[in-house]
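Numbering (the numbering used here), first residue to last: 11 to 601. The beta-carbon is built from N, C-alpha and C at its ideal position, and this holds for glycine as well. Right, one structure below, let's go through it.
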Amino acid sequence: MAPNGWLQIAVFFGALLVIAKPLGVYMAKVFEGERTFADRFFNPIERLLYRLTGVNETHEMRWTEYCVAMLLFSAVTMLLTYGIERLQHLLPFNPQHLGAVAPDLAFNTAVSFTTNTNWQSYVPETTMSYLTQMLGLATHNFWSGATGIALAIALIRGITRKEKNTLGNFWVDMTRATLRVLLPLSVVCSLLLVSQGVIQNFKPYTTAHVVDAQTTTATGADGKPATQKITEQTIAQGPVASQEAIKMLGTNGGGFFNANSAHPFENPTPFTNLLEMLSIFVIPAGFTVVLGRMTKSPRHGWAIFAAMAVLFFGGLCVAYRAESQPNPLLHGVNQQVTASQSGGNMEGKEVRFGIANSALFATVTTDASCGAVNAMHDSFMPLGGLVPLVNIMLGEVVFGGVGAGLYGMLIMVVLTVFIAGLMVGRTPEYLGKKIEAYDVKMAMLYVLIFPLCILVFSAIACLSPTYGLSSLNNAGPHGLSEILYAFTSATGNNGSAFAGLNANTHFYNLTLGAAMLIGRFLMIVPMLALAGNLATKKLVPPSSGTFPVTTPLFAGLLVSVIIIVGALTFFPVLSLGPILEHLLLFAGKVF
Numbered sequence: 011m012a013p014n015g016w017l018q019i020a021v022f023f024g025a026l027l028v029i030a031k032p033l034g035v036y037m038a039k040v041f042e043g044e045r046t047f048a049d050r051f052f053n054p055i056e057r058l059l060y061r062l063t064g065v066n067e068t069h070e071m072r073w074t075e076y077c078v079a080m081l082l083f084s085a086v087t088m089l090l091t092y093g094i095e096r097l098q099h100l101l102p103f104n105p106q107h108l109g110a111v112a113p114d115l116a117f118n119t120a121v122s123f124t125t126n127t128n129w130q131s132y133v134p135e136t137t138m139s140y141l142t143q144m145l146g147l148a149t150h151n152f153w154s155g156a157t158g159i160a161l162a163i164a165l166i167r168g169i170t171r172k173e174k175n176t177l178g179n180f181w182v183d184m185t186r187a188t189l190r191v192l193l194p195l196s197v198v199c200s201l202l203l204v205s206q207g208v209i210q211n212f213k214p215y216t217t218a219h220v221v222d223a224q225t226t227t228a229t230g231a232d233g234k235p236a237t238q239k240i241t242e243q244t245i246a247q248g249p250v251a252s253q254e255a256i257k258m259l260g261t262n263g264g265g266f267f268n269a270n271s272a273h274p275f276e277n278p279t280p281f282t283n284l285l286e287m288l289s290i291f292v293i294p295a296g297f298t299v300v301l302g303r304m305t306k307s308p309r310h311g312w313a314i315f316a317a318m319a320v321l322f323f324g325g326l327c328v329a330y331r332a333e334s335q336p337n338p339l340l341h342g343v344n345q346q347v348t349a350s351q352s353g354g355n356m357e358g359k360e361v362r363f364g365i366a367n368s369a370l371f372a373t374v375t376t377d378a379s380c381g382a383v384n385a386m387h388d389s390f391m392p393l394g395g396l397v398p399l400v401n402i403m404l405g406e407v408v409f410g411g412v413g414a415g416l417y418g419m420l421i422m423v424v425l426t427v428f429i430a431g432l433m434v435g436r437t438p439e440y441l442g443k444k445i446e447a448y449d450v451k452m453a454m455l456y457v458l459i460f461p462l463c464i465l466v467f468s469a470i471a472c473l474s475p476t477y478g479l480s481s482l483n484n485a486g487p488h489g490l491s492e493i494l495y496a497f498t499s500a501t502g503n504n505g506s507a508f509a510g511l512n513a514n515t516h517f518y519n520l521t522l523g524a525a526m527l528i529g530r531f532l533m534i535v536p537m538l539a540l541a542g543n544l545a546t547k548k549l550v551p552p553s554s555g556t557f558p559v560t561t562p563l564f565a566g567l568l569v570s571v572i573i574i575v576g577a578l579t580f581f582p583v584l585s586l587g588p589i590l591e592h593l594l595l596f597a598g599k600v601f
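Here it is in structure tokens:
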């Protein structure tokens, strides 16, 4: 854990603090209908879109109508993406003449990008055409991100409104999130990425002659060894920068290339690495400012930011420490940190990023529901790999996905004030709203769906040698971690993976697709029901017994509730996976 690494981490977090407040103020103005500096440009476009689509921007929706509109939009766009994948061999912008995507993989991918997961059971550069990447996948990066933003705004409105039964208009919120937030940020970010060498073109792949020919031996179709001499290399390219920007800003994570943000065409320099990490966190961090501004309680927004920051740095310290330690099984190898080498566990990491930026990126991408990677999580030390897994298991409420992170955190806030009320024997209140039985039921339903989906699907895979275990490349506790990570990532709509698991099978494509749908939409329904119920309540003036939600005590209790809920739910399975693997590793046992 070098001082230089901590300096880079400090620069990242300092830049996040600088950007979060002005962006949050701007987003709050956008969704409250206040004037912004960009109105002169965006207002005519927005009005034109409403006119073309027949949207009445003054129409207010109940939570049920808001939910139905969101579900219908997601279903239609998912079918559109599925159709593009299945027909890509007949569509233009396919210079490599790639064939149609298999039905089960097309389903998995369409669900993945619709739910903001961006799980990829395929090699993008050999599976998806340029048109599919742009029209089918990159558009979903905008739509799914904007959907999360709209849902978070709906919940905030439920908290702030009194004696009303509406939460706004889904179509208006979606349009503003896309047009006024995601699109302009993506343009700026794309241009910065191009300036650093991230490619953006429509050229066919380039064939290069290698300097040093390689000879490989593989098993042929007849089962006999076959020798092949490799003299050429195919260099994939395409419209990368435009997709890279929104994949980060929308906390989507799906890479244009299989190596994701470890690929030099996606993430070539330390500056692009910093920019991409900031892009993941900047909107979720800004949402704490939105919350404070819309609830007229800025200190509450910063209290939630502080709770998120504590959890973020706790996970980062564990990951950085674990990856900085030498692997005890590599005897006689110099793994110390020096001026000429990063030291520690460099397996699966890019030399240009080193230990610090690999651990930081892994923590950021799994705190948020992004899933982009600049190092291979499967190659982390057991405790280093534990951190990304636990980050997702906590519900990705540590800043979290765009919108989704905030509404997940607010569910935890409701549980926190409920517990605080029980401890003092008073009816719990949150920002002037009494938290009653229905509210707690909806919050607990949200909380329980998540682990139920993860643990049930993981158990089914572990008990199925033919379908579940046959895809593993590792035995023992690490194999369990690979299966557990896959279903945790899918249900948490993250998309990162322990890549030792071959997930491109009928079983995993279908079960992971189901987990993504459950983790996204089945959890949204109780959240919106909670929002709708809160909006109908009267405001209760604070009294001497009201638990303040603006203090360090509140932030500490919130952190405790999040950790305890996660620990009680997942500790048994974690103790059989990464924790056991860590103990066995230092005992000298591998599988």
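Check whether residue i and residue j have beta carbons under 8 Å apart
i           : j           : result
residue 409 : residue 308 : no
residue 464 : residue 515 : no
residue 366 : residue 417 : no
residue 134 : residue 266 : yes
residue 187 : residue 156 : yes
residue 401 : residue 373 : yes
residue 88  : residue 124 : yes
residue 247 : residue 215 : yes
residue 495 : residue 507 : yes
residue 73  : residue 177 : yes
residue 537 : residue 448 : no
residue 493 : residue 511 : yes
residue 170 : residue 46  : no
residue 142 : residue 98  : yes
residue 521 : residue 467 : yes
residue 239 : residue 225 : yes
residue 501 : residue 380 : no
residue 195 : residue 259 : yes
residue 576 : residue 121 : no
residue 422 : residue 571 : yes
Residues of its chain near residue i, where Cβ-Cβ distance is below 6 Å and the 5 sequence neighbours each way are ignored
i           : result
residue 436 : 555
residue 300 : 34, 37, 38
residue 398 : 372, 376, 387
residue 325 : 373, 397, 401
residue 108 : 139
Nearest residue (CA-CA) to residue i, options the options
i           : options            : result
residue 335 : 458, 164, 347      : 347
residue 288 : 51, 339, 378, 81   : 378
residue 338 : 596, 50, 375       : 596
residue 199 : 274, 303, 176, 292 : 292
residue 489 : 250, 361, 583, 327 : 583
residue 323 : 20, 54, 342, 538   : 20
residue 544 : 68, 84, 168        : 168
residue 349 : 343, 86, 364       : 364
residue 389 : 525, 360, 420      : 360
residue 160 : 502, 182, 18, 221  : 182
residue 599 : 404, 446, 392, 473 : 392
residue 602 : 184, 65, 219       : The displayed coordinates of the chain run from 11 to 601. Any statement about residue 602 would go beyond what the structure contains.
residue 564 : 420, 532, 103      : 420
Own chain, CB closer than 7 Å to residue i, minus 5 neighbours either side, in chain order
i          : result
residue 52 : 189, 190
Beta strand (DSSP E) segment containing residue i, residue limits
i           : result
residue 238 : 235 to 245
residue 361 : No beta strand (DSSP E) holds residue 361; DSSP gives it neither H nor E.
residue 219 : 216 to 229
Presumed contact (8 Å Cβ cut-off) between residue i and residue j, rounded CB distance
i           : j           : result
residue 75  : residue 546 : Not quite, the Cβ-Cβ distance comes to about 15 Å (not below 8 Å), so this is no contact.
residue 382 : residue 252 : Actually they are not in contact, since the Cβ atoms of residue 382 and residue 252 sit about 15 Å apart, beyond 8 Å.
residue 384 : residue 257 : Actually they are not in contact, since the Cβ atoms of residue 384 and residue 257 sit about 13 Å apart, beyond 8 Å.
residue 354 : residue 345 : 6 Å
residue 84  : residue 126 : Wrong, their Cβ atoms sit about 10 Å apart, outside the cutoff.
residue 431 : residue 491 : In fact, because the Cβ distance is near 38 Å, the residues do not count as touching under 8 Å.
Below-8 Å beta-carbon distance, residue i vs any chain B residue
i           : result
residue 190 : In the structure shown, chain B cannot be found, because there is only a single protein chain.
Same chain only: Cβ atoms within 8 Å of residue i, ignoring 5 sequence neighbours per side
i           : result
residue 444 : 437, 438, 547, 550
residue 236 : 227, 228, 229, 230
residue 519 : 114, 115, 117, 118, 131, 513
residue 298 : 30, 34, 311, 312, 314, 315, 318, 416
residue 96  : 110, 111, 113, 116
residue 561 : 313
Residue range of the unbroken alpha helix (DSSP H) whose run includes residue i
i           : result
residue 320 : 308 to 334
residue 463 : 447 to 472
residue 150 : 149 to 170
residue 209 : Residue 209 -> no alpha helix (DSSP H), and no H or E assigned at all.
residue 423 : 414 to 434
residue 253 : 250 to 259
residue 137 : 134 to 137
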